[in-house]
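Visitor: In the numbering used here, the protein residues as written are 13 to 111. For reference, the structure I am asking about is given below.
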Amino acid sequence: MKKCPECNNIMRELNTKTPDGISYSYFKCGNCGEEILNMSQLHKVAEKYRAIKRFNARLSKWGLSLGLRIPKELVKRYRLKSDKNVIIIPEKEAIRIIP
Ligand SMILES: [Zn+2]
């Protein structure tokens, strides 16, 4: 049985989902509300993230810019259309495209 490092009460294992819909389990203290992931729980959720389907795409020159060809599956999933505007948000290690 796992004990809370904050208040020494019993911790229960619960299940929840990340904002991306990936389910994972963690320990929560019924007394102080402390939440903890142990290494095995962490590895499981990391593995699920690795298993998420990735798409490869090639950039091609388009005037002074680069064009990105979005795979058909993603076009369908996000209901993208030619000549529609999207929002591009630069992030620390990625670029987010909002339809
Ligand atoms: Zn506690």
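Cβ atoms here follow ideal geometry from the backbone N, Cα and C, with glycine treated the same way.
#1: By Cβ distance below 7 Å, which residues in the same chain neighbour M13 in space, the five residues on each side in sequence not counted?
#2: Tell me whether P21, by its Cβ, gets closer than 6 Å to a heavy atom of ligand 1.
#3: Can you tell me whether R89 is helix, strand or coil according to DSSP?
#4: Under the criterion of a Cβ to heavy atom distance below 6 Å, does E59 qualify as lining ligand 1?
#5: May I have the straight-line CA-CA distance separating L86 from N68, to the nearest angstrom?
#6: Using the C-alpha atoms, what's the distance from G42 back to R108?
#7: At what residue ranges does the segment 34 to 68 contain a whole run of the alpha helix (DSSP H), taking only runs of 4 or more?
#8: Which residue comes first and which comes last in the beta strand (DSSP E) that contains G79?
#9: Check this for me: beta carbons of K56 and E47, under 7 Å apart or not?
Guide: This is what the structure gives:
#1: Only residues of its own chain outside the window of five on either side were considered, and among them I22 have a CB closer than 7 Å to the CB of M13, listed in chain order.
#2: Residue identity check: residue 21 is Asn in the sequence provided, not Pro. Within the cutoff, so yes.
#3: helix
#4: no
#5: 11 Å
#6: 38 Å
#7: Complete alpha helix (DSSP H) runs here, min 4: 51 to 63.
#8: S77 to L80
#9: no
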